Amino acid sequence: MNVIGSALAVAAGCAGAAIPAAVVSPSWLRAKAAGTLTAAVGVCGIVSGAAALSGRTFTARLPDVLPLAGVYLGVDALSGLFIAIAGAVIAIVALYGIGYAQNGHDPGRASSAALPVFAAALLLVPAAASVSTFLFFWELMAVSSLLLILAEHKKRDSVREAGLWYAVMTQLGFVLILLALAWPAATAHGETFTAIRAAAPAMSPLMRGAVFVLALAGFGSKSGIVPLHAWLPRAHPEAPSPVSALMSAVMVNLGSYGVIRVGMDLLSGGSRWWWLTAMAAGAVSAVYGILQASVTGDLKQLLAYSTTENMGLVLLGIGTAGLFRTSHQSVLAGIALAAALLHVVTHSAFKALLFCSAGSVLRATGVRDLDALGGLRAAMPVTTAVFAIGALGAAALPGGAGFVSEWLLLQSLIHGLAMPGIVVSVVLPIAVAAVALSAGLAVAAFVKALGTGFLARPRSDGAARAAESPAAMTWTMAVLAAACTVLAVAPGLLGSALARAVGAVSPGGAAVSDAVGRRLAVLGSTLSPLVVVAGTVGGAMVVAAVLRLAAGPRRRAVPLWDCGAGPPSARMQYTATSFAEPLQRVFDDVLAPESDVDVTPAVESEYLVQTVSYHRAVPDRIEHRLYAPVIAAARWAGQAARALANGSVHRYLGYAFSSLVVLLVALAAIK
Amino acid sequence: MNGSADTQILDFACGLFLLAAVGALWRRELSAVIGLLAVQGAALAVIAAALGADEHHPELYAVAAGVGLLRAGVLPGLARRALAASGEDRESQPLVNVASSLLAAAALVLLAYAVAQPLARLDASPGARALPVGLASVLIGLFMLVARRKALSQVAGFLLLDNGITAVAFLAAAGVPLLVEIGVSFDLLLVVLVLRVLTVRMQSAFGATDLDDLRELHD
Chain A
4 MNVIGSALAV AAGCAGAAIP AAVVSPSWLR AKAAGTLTAA VGVCGIVSGA AALSGRTFTA
64 RLPDVLPLAG VYLGVDALSG LFIAIAGAVI AIVALYGIGY AQNGHDPGRA SSAALPVFAA
124 ALLLVPAAAS VSTFLFFWEL MAVSSLLLIL AEHKKRDSVR EAGLWYAVMT QLGFVLILLA
184 LAWPAATAHG ETFTAIRAAA PAMSPLMRGA VFVLALAGFG SKSGIVPLHA WLPRAHPEAP
244 SPVSALMSAV MVNLGSYGVI RVGMDLLSGG SRWWWLTAMA AGAVSAVYGI LQASVTGDLK
304 QLLAYSTTEN MGLVLLGIGT AGLFRTSHQS VLAGIALAAA LLHVVTHSAF KALLFCSAGS
364 VLRATGVRDL DALGGLRAAM PVTTAVFAIG ALGAAALPGG AGFVSEWLLL QSLIHGLAMP
424 GIVVSVVLPI AVAAVALSAG LAVAAFVKAL GTGFLARPRS DGAARAAESP AAMTWTMAVL
484 AAACTVLAVA PGLLGSALAR AVGAVSPGGA AVSDAVGRRL AVLGSTLSPL VVVAGTVGGA
544 MVVAAVLRLA AGPRRRAVPL WDCGAGPPSA RMQYTATSFA EPLQRVFDDV LAPESDVDVT
604 PAVESEYLVQ TVSYHRAVPD RIEHRLYAPV IAAARWAGQA ARALANGSVH RYLGYAFSSL
664 VVLLVALAAI K
Chain B
5 MNGSADTQIL DFACGLFLLA AVGALWRREL SAVIGLLAVQ GAALAVIAAA LGADEHHPEL
65 YAVAAGVGLL RAGVLPGLAR RALAASGEDR ESQPLVNVAS SLLAAAALVL LAYAVAQPLA
125 RLDASPGARA LPVGLASVLI GLFMLVARRK ALSQVAGFLL LDNGITAVAF LAAAGVPLLV
185 EIGVSFDLLL VVLVLRVLTV RMQSAFGATD LDDLRELHD
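This is the structure in C-alpha cells:
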C-alpha cells in the first residue's frame, strides 16, 4: 500500500472516529472535535491527491469491506486531481466551520456526525474503481449531504422543502447513474472499471450512446446542469454555509468527474453527437445560470446559480474536448479538457471563498436578501475584502481565478475553428458567444452582489448591527483568498498536474504542460497571468493616483440639496433589484418576470393614491414549465391510486394473490 | 421396508395432503376445516417420515414427529379453542361461493403442476415428482385468505399456506436445516396465537369476526 492508499485509509479512519466523537462529546466540544477530525480527513485527501498528481497510481481490492462485491479502489491522476481539490476545500472549510459554530451556531449532533462522513465520501467517490463501490460512496455522499442540508430544519420551513427537492432529485440522478453503470457492467460480465473499459469497444454504438446520455443526465443533475438544476438554488441557500461551501465547491465537481470518467475513459470517446449534446447542455446552463444569478436578490441563491453557470462552463469544456477527440485533434482536445479541469480547480477555490464569506455575512446579520444588506465594508472589512477577491474570480476578470481557465477555454474554442466540418464551424462560434455572454453577465451579477451587498449604507437593522466574524473564520477565508490569488497569478504551478490528469483519460496530455506554464500558450496565443495582473493592478493604482492628484483642493462637506424632500435615506440607494432591472428588461422574454403593482386610491377620489405596493418575482421559468406538469401528474397519480387502497384486508390480499397467479401463469407460459 | 412401499406411502400421503387442502376450501363448518387441517398436518408428518425412510435420514423421523405434534396437534387445538371462544361455527357468507372456490382450486392445482414442471424434471425421485402438491397447497391457502371472511378461516388459510411451504421444502430438499425448521415452527405458533387473540378481541368488539369490519386503518 503506497502513500495514496495509506492517506485514504487514514481519512476513512478519521471519519470513522469523528462519528462517535461528534455523538458523545458535549456541545462546547462537539464542533471542535468533529471539525478537527474532518480537517484531518481533508489533509489526507490533499496528501493522496498530490501523490496521485505527481505520477503515482494506486489500486486495491478489499473483498471483505462490503458484502457480495467487495471494494475496488483505483486512483489515477484524474481521480487524484478531484481528490486533491476535495481535500483542500474540506480541510479549510472544516476549520472555518469550527469558527462558524461558535456563539450559539452549533449545528447539532446529527450534522456534526454527518460532516466527516460526507467529507470522506467526497474523497472516496473519485477513488472508486468498480460500479458497486462507486455507487456505494455516491449514495453515502448523497445521504450525508441531505442530513447536512436539513441541519436547520427547525428554524425555517423552507429547509424542509429544499431537503425534499434535493432528496428527490439526487435519488432520480442516482437511478440514472445506476442504469448508466450497471448496463455496461452487465454487458462486460464484470463490474470493475477495468472490465468495462476492456469491453466497451465491443458494445453496440446505440447502447454506448444510451449509456452516455444516461450518465450525462445523472451526473448533470448532481452538477446542477439545466434543466436538472432545480434542487441547487434551493438546497445551497438553505444549508448552513460551511455545508453550502462543501457542496458547491466539491460535490458538484463530482458530476463533472463522472461525465469525464464514463464518457472519455470507460466508453473511450464515442460519437460526435454525444459531445455536441454535452456542449449544448453546458452552454445553456452557463448562460441561464448566470442570468438567473444576475436577477436574484438572495445572496446565497446568487452563488448557487453561479455554480450552475460554472459547472455549465466545465461541461462545455469537456464537450469541446470530446468533440476535438472525435476529430483526432489531440492537442486541442487536451487543452480543452485542461481548461475544464482548471476551471474546476478555480471554481472550487473562489466558490468556497464566496460561500464562506456569504456565511460570514449571514451569521453577522441574519439577512440573505441583498436588498436588505449594505454598509458592511466598515463593520466587516475582512469579509468584504475576501468577498471582493472571490467575486473577481467568479466574474472572470483579469486578476481573478476564473479568468485563466475561461481564457484557456476560449482559446481552445477559437483555435478549433480551423477544424473542417460544417457542424464545428456552426457550433464553436456559438460556444464562444455563450462563454463571452456568461462572462459578461457574471460581471454584472457579482458587481451587484458586492456593490449592493457590502458597500453604501446598511438598509436594515440586521445589516447595521453587523460585526466582523471570529478570527477562526476570517483567517480561513484569508487562506482561501490567498489560494484564489495564487491561482490567478501563477496557474502554471498546476501545469504538470493538469497534464497528468488529462493524460490519464485523453490524448494530448503532453501538450498541456507546454500550454499551462509560467505563460499560457495555446498554439501561438500567449498570455502571462502575472504580467496581466501586475499591469491591471499597476494601471489601477496609477489611475487612482492621478485622480487623487487631479482632484485639486480638499473636499468640503456641505448639506446636500434635497429638493425639499428631506435628507437622503438608505432607502434611496441603488438596490440589488434596481441594479438588475435593466438586465431583467433586456432578457424579459427569457426570464418572464412577474410584477404586480397594486394601487389603492383614497376613498374620496380615484386620483388621490393612498398606497402603492409593488411586488416583483423572477420565477425559474424552466422549472415552472418542466417540473410543474410532472409534479402535477405525480400528484394526480397518487390521488388516483388511493382508490386502490380502501382498507379492506381482502382486497390487499387479493392484490398479492392475483399478482402471484399472473406471474406464475406468465412463467408457465414462457416455459 | 422396501423402496416401492416407501414410494406408495409417500404418494398416498401427498394425495391426502392435497385432498385435505381442497376439502378445507369445500367445507363451511369451521370445526370441519380445523379437522382437515389436522389431517393435512398428519399427512405432512408422514411425508417427512417416508422421505426419511426413503433417503435414509434418521433425523427426519424426529423432524416428522415434531411437525406432526405441532401441525396435527397443537395448532388445530389452539384453533379449536379460539373457535369455542368465538362461538360461530359457519363461514356463512364467503366472498367466493363454494362451487366457484372448488373450480378455482382445480385451476390452481393445474397451475401449480404447470409451474413446477421444470423443478420436477430436475430430479426423478418420487419426492420431486410430488412437489406440485406443496405448491398447490400454497396457492389454495392464499386463495382461502382472499376468499373467506371469518378470522378463523384466515388462520386456516395461513396454515394451509405454511403447510404447503414446508411440504415443498421436504419434497425438494428433504427438509430445511433443523434450526430453520424450529424457527419457522415457532413463528407459526406465534402467528396462530396472535390471530387467536385477534379473533377474541374482534368478537368482543364487533360481535362477529368478519375481517371486512376492520376498515378504519387506511389512507
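Each protein sequence line maps, in turn, to chains A and B. For the first sequence, my numbering gives the first residue as 4, with consecutive numbering after it. For the second sequence, my numbering gives the first residue as 5, with consecutive numbering after it. C-beta: ideal position from N, C-alpha, C; glycine also. Since the model is a prediction, treat every value here as computed from it, not as a measurement.
Cross-chain neighbours of residue i in chain B, by beta carbon under 7 angstroms
i        : result
Gly657/A : Val150
Ser662/A : Chain B residues near Ser662/A: none, gap ~11 angstroms exceeds 7 angstroms.
Buried/exposed call for residue i, threshold 16 Cβ in 10 Å
i        : result
Leu663/A : exposed
Trp278/A : buried
Trp234/A : buried
Gly48/A  : buried
Gly377/A : buried
Asp79/A  : buried
Gly161/B : buried
Tyr617/A : exposed
Ala513/A : exposed
Tyr169/A : buried
Ser360/A : buried
Glu597/A : exposed
Met5/B   : The pLDDT assigned to Met5/B is 43, lower than 50, so where the model puts this residue is not dependable; a value taken from the coordinates is nonetheless given after this. Its Cβ having fewer than 16 others within 10 Å, Met5/B is exposed.
Tyr225/A : The question names Tyr, yet the displayed sequence has Lys at residue 225/A. Answer is buried; the Cβ neighbour count reaches 16.
Gln12/B  : exposed
Ser572/A : exposed
Leu550/A : exposed
Arg237/A : buried
Asn275/B : Look at the range of chain B in this structure, 5 to 223, and you will see that residue 275/B is not part of it.
Leu40/B  : buried
Whether residue i touches residue j by CB criterion (9 angstroms)
i        : j        : result
Val262/A : Ala286/A : no
Ala579/A : Gly456/A : yes
Ile95/A  : Gly52/A  : no
Ser147/A : Ala131/A : no
Ala342/A : Ser408/A : yes
Leu71/A  : Leu11/A  : no
Ala68/B  : Gly81/B  : no
Ser54/A  : Val6/A   : For clarity, residue 54/A is Ala in the given sequence; the question names Ser instead. Result yes, Cβ atoms of Ala54/A and Val6/A sit closer than 9 angstroms.
Leu373/A : Leu302/A : yes
Ala201/A : Ala191/A : yes
Ala176/B : Leu123/B : yes
Leu340/A : Gly541/A : no
Phe174/B : Phe660/A : no
Residue i: contacting residues in chain A (beta-carbon distance under 7 angstroms)
i        : result
Ala118/B : Ala671
Phe147/B : Phe660
Residues that residue i contacts on chain B, provided the C-beta gap is smaller than 9 angstroms
i        : result
Val675/A : Residue 675/A lies beyond the stretch modelled for chain A, which goes from 4 to 674, so this question has no answer here.
Partner residues on chain A for residue i, Cβ-Cβ distance less than 8 angstroms
i        : result
Asp216/B : Ser651, Val652 and His653
Residue i CB to nearest heavy atom of the ligand ZN below 8 angstroms
i        : result
Val430/A : Looking for the ligand ZN in the displayed structure turns up nothing, as the structure carries no ligands at all.
Within chain E, the residues that residue i reaches when beta carbons sit closer than 7 angstroms
i       : result
Leu99/B : Chain labels in this structure do not include chain E; the protein chains are A and B.
Inset, instruction - Inspect the CB distances between the stretch 249–256 of chain A and the stretch 349–361 of chain A and report whether three or more fall short of 8 angstroms. - result: yes
Legend entry - Inter-stretch contact at 8 angstroms, needing at least 3 Cβ pairs: the stretch 299–318 of chain A / the stretch 490–500 of chain A: no
Inset, instruction - Indicate whether the contact test is met: 3 or more Cβ pairs, each with one atom in the stretch 134–144 of chain B and one in the stretch 70–79 of chain B, closer than 8 angstroms. - result: no
Inset, instruction - Could you tell me whether the stretch 103–111 of chain A touches the stretch 532–543 of chain A, where touching means 3 or more Cβ pairs closer than 8 angstroms? - result: no
Legend entry - Touch test, the stretch 22–39 of chain B against the stretch 179–193 of chain B, Cβ-Cβ under 8 angstroms, three pairs minimum: no
Legend entry - At least three beta-carbon pairs within less than 8 angstroms, the stretch 59–73 of chain A to the stretch 113–129 of chain A: no
Inset, instruction - Please go through the stretch 172–256 of chain A and give each complete alpha helix (DSSP H) segment of 4 or more residues, from N-terminal end onward. - result: 196–202, 208–226, 235–241 and 244–249
Inset, instruction - Pick out the complete alpha helix (DSSP H) segments inside the stretch 87–175 of chain B, 4 residues or longer, and give them in chain order. - result: 102–126, 130–133 and 135–151
Inset, instruction - May I have a chain-ordered list of the alpha helix (DSSP H) segments no shorter than 4 residues that lie completely inside the stretch 65–117 of chain A? - result: 80–103
Inset, instruction - Specify whether the stretch 578–594 of chain A and the stretch 442–455 of chain A touch according to this definition: at least 3 beta carbon pairs, one from each stretch, less than 8 angstroms apart. - result: yes
Inset, instruction - Taking 8 angstroms as the threshold, find out whether the stretch 118–134 of chain B comes into contact with the stretch 624–643 of chain A through three or more Cβ pairs. - result: no
Inset, instruction - Flag this pair as touching only if the stretch 460–471 of chain A and the stretch 559–566 of chain A have three or more C-beta atom pairs under 8 angstroms; answer yes or no. - result: no
Inset, instruction - Check whether the stretch 201–212 of chain A touches the stretch 259–275 of chain A, counting contact only when three or more Cβ pairs, one atom from each stretch, lie closer than 8 angstroms. - result: yes
Inset, instruction - Any chance you could list the beta strand (DSSP E) runs of at least 3 consecutive residues sitting entirely within the stretch 476–502 of chain A, in chain order? - result: none
Inset, instruction - Evaluate the contact criterion for the stretch 463–475 of chain A versus the stretch 379–393 of chain A: three or more CB pairs, one atom per stretch, below 8 angstroms. - result: yes
Inset, instruction - Count the CB pairs spanning the stretch 209–217 of chain A and the stretch 152–164 of chain A that are closer than 8 angstroms, and state whether there are at least three. - result: no
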